[in-house]
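Inspection log for the structure reproduced underneath, given as structure tokens.
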Ligand SMILES: Nc1ncnc2c1ncn2[C@@H]1O[C@H](COP(=O)(O)OP(=O)(O)OP(=O)(O)O)[C@@H](O)[C@H]1O
Ligand SMILES: [Mg+2]
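Chains as they are written, first to last, in the working numbering: chain A, 1 to 282; chain B, 1001 to 1353.
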């Protein structure tokens, strides 16, 4: 493991007491950064990690692409007469599903990250306490945006024509990313509570599959039995899909949009504060 | 802060932390003076890391109290954080980032602007001999380089209190002495360093005072010299002229001194600890200097007595020396773990904690 580093330059460069003494007194000792500056610095860390581990981005591009293609051609002919027609209904739903699915990497990533010593250093800094987690979410937002763009681009190529135009699509993605940010706090909490990455992944999957499938993503629930419709109606993903669909089609449904905004606020407040409590208590 | 606490960087009383059934830290009392290296010496699982993590505000104590520079570690955690830096037992740097990126990130988190953070990172990398590795990911660093980067990160804003949790565990001798140089430089600057270690020579070399801990409690505390003399007078080394007399010599030595430690592979060499004399501490009262004095005096007398007993038994000795006990011996005696594979009941010394 150390074969590459015992070079002669390493010996020559060995630190001397004088050299270290000379750099001990920093020229300036600025006040601790504010909440925004600190979380932006952590956002920068997330970007650096993408740079060093670009494979992280594979999940957020390949998975949504496969989902879009698969469901369009698998169900399109049977459900709506043609894949193209089905795509008009499906695309907002598959957009929501894909982004909500990748929110789980937030918890997995935090769980892997926090076990390492680096978080000990972060937690001993005199900065705004949630900064490390909020900053990581900035990086996640970037992933949600990338996944959204991939799906919309694929959709357009396959014949998706949103009635809401560019503004509708932008608003739909905005609403979705906002919800995803709020929903990520659930995974942050899970990432802190669970012992290992595998546990986080398992629990996430267990929650996400019913949430995304027992919804209005793939078909209109009108033809389903009443009890199932009731279940689907309490699923927040259903309302998110309805809101995004309405905005993207150009016929916004203010009721659903409000529900999404309120749900996002509640998720952030409840799971955000539970997460921070846990974060401080470890 | 009362008057007695004035010169203290860290003060703890009755600190407790339990994990399930394990009492990792079990009533820890420490008084750590400002501006010096304070060593916490203990074996695996003694509770060193747990203690440091509590003091660094990473863990909440279950009971007891502690202050760092007068600030309570629970109620005034954020103020404590403003005073300290931590280099944890396991690398407290981001292994996926480069050395430079790590320091720039930390600089920004400490409130520096980007350009300033870069400048400071350059300075530190140069001083720590890491300029060439600046652009390399930390996971490709050697253990020694990683440690240096970790400590560089800890002094980006030179802290008033620096925690170093086993900073040299797993390093080769050269890297260890590099870390020692860094510690000396930081202390010379005026920082209080709390250093945990399993290496006795390390505590001996660096620390002004040492607390020996075991099972989450302090079992001995003092300067390295005080600790040595509180435990015993050191070790007698003998070289027999005739290795054939070894058995006889062992009998005499163990009668006078207690246990005899065998030297592997050298029949002529004999080693024996001049055991702790329970009376010494009591006679000398609480004055540490007096304890040390009385301890070494008693040791010298006992060593001399050994020599004359050997002469009386007709055993010729070629070489004889009385060494200060190493911290190793101090530690082993205090924790009551056998010194070598010898498990003779006599070799157990009862040392008051
Ligand atoms: N998070 C934890 N959960 C459960 N037990 C723990 C935890 N942390 C420490 N312990 C236990 O507490 C005891 C003290 O551990 P600690 O890590 O403080 O010892 P240490 O002196 O630092 O040891 P080492 O020299 O191996 O680093 C050990 O028995 C350990 O198993
Ligand atoms: Mg430890």
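Note that the Cβ used here is the ideal one computed from N, Cα and C, for glycine as well. Quantities reported herein were computed from a predicted structural model and do not represent experimental measurements.
Not one beta carbon of chain B lies nearer than 8 Å to the beta carbon of residue 278 of chain A. Taking C-beta atoms as the reference points, residue 1161 of chain B and residue 1074 of chain B fail to come closer than 8 Å. At a cut-off of 8 Å between beta-carbon atoms, residue 194 of chain A makes no contact with chain B. Contact between the region 73-83 of chain A and the region 161-171 of chain A is absent: fewer than 3 CB-CB pairs across the two stretches fall below 8 Å. Of the heavy atoms belonging to ligand 2, none sits nearer than 7 Å to the Cβ of residue 1214 of chain B. Within its own chain, the residues whose Cβ lies closer than 7 Å to the Cβ of residue 212 of chain A, once the five positions on either side in sequence are excluded, are 97, 100, 101, 237, listed in chain order. Interface criterion not met: the Cβ of residue 204 of chain A is under 8 Å from no Cβ in chain B. With fewer than 16 neighbouring CB atoms inside 10 Å of its own CB, residue 18 of chain A falls in the exposed class. Take the alpha-carbon of residue 111 of chain A and the one of residue 1092 of chain B: they are about 16 Å apart. Assignment of residue 1043 of chain B by DSSP, reduced to helix, strand and coil, places it in the coil class. For residue 1044 of chain B, the shortest C-beta to heavy atom distance toward ligand 1 is below 7 Å.
Against chain B, the CB of residue 39 of chain A has no partner CB under 8 Å away; the residue lies outside that interface. Relative to ligand 1, residue 1019 of chain B has its C-beta within less than 7 Å of a heavy atom. Contact of residue 1157 of chain B with chain A is assigned, a C-beta pair being separated by under 8 Å. Listed along the chain, the chain B residues whose CB falls inside 8 Å of the CB of residue 163 of chain A amount to none; the nearest CB is some 43 Å away. A Cβ-Cβ separation of about 5 Å places residue 247 of chain A in contact with residue 171 of chain A under the 8 Å criterion.
In the structure shown, the three-state DSSP call for residue 1094 of chain B is coil. Excluding five sequence positions before and after residue 1316 of chain B, the CB atoms of its chain that fall closer than 6 Å to its own CB belong to 1241, given in chain order. Residue pairing by DSSP puts residue 1321 of chain B in a beta bridge opposite B/1237. Boundaries of the beta strand (DSSP E) around residue 1196 of chain B: 1192-1197. Near ligand 2, meaning a beta-carbon closer than 7 Å to one of its heavy atoms, we find B/1048, B/1049, B/1089, B/1165, B/1166, B/1196. The residues 187, 188, 190, 191, 200, 204, in chain order, have a CB closer than 7 Å to that of residue 107 of chain A in the same chain once the five nearest residues on each side in sequence are set aside. When DSSP assignments are scanned along the region 35-92 of chain A, the uninterrupted stretches of alpha helix (DSSP H) that are 4 or more residues long and fall wholly within it turn out to be 35-52, 56-80. Under the three-state reduction of DSSP output, residue 1202 of chain B falls in the helix class.
Residue 1055 of chain B has a beta carbon lying at 8 Å or more from every beta carbon in chain A. With a contact defined as Cβ atoms closer than 8 Å, residue 1173 of chain B and residue 1147 of chain B miss out at about 14 Å. When C-beta atoms of the region 32-51 of chain A are compared with those of the region 121-129 of chain A, three or more pairs fall below 8 Å, so the two segments count as touching. Between the alpha carbons of residue 1250 of chain B and residue 1260 of chain B lies a gap of roughly 7 Å. Residue state for residue 183 of chain A is assigned as helix, using DSSP reduced to three classes. Scanning its chain for C-beta atoms nearer than 8 Å, with the 5 sequence neighbours on each side dropped, one finds around residue 57 of chain A the residues 50, 143, 146, in chain order. Following the DSSP letters along the chain, one finds residue 1011 of chain B inside the beta strand (DSSP E) bounded by residues 1008-1019.
Between residue 243 of chain A and residue 253 of chain A, the beta carbon gap of about 6 Å places them in contact (Cβ cut-off 8 Å). With its beta carbon at least 8 Å from every one in chain B, residue 275 of chain A lies outside the interface. Rounded to whole angstroms, the gap between the alpha carbons of residue 210 of chain A and residue 262 of chain A is 22 Å.
Taking a C-beta distance under 8 Å as the contact criterion, residue 1042 of chain B and residue 1048 of chain B qualify as a contact pair. At least one beta carbon of chain B lies nearer than 8 Å to the beta carbon of residue 127 of chain A.
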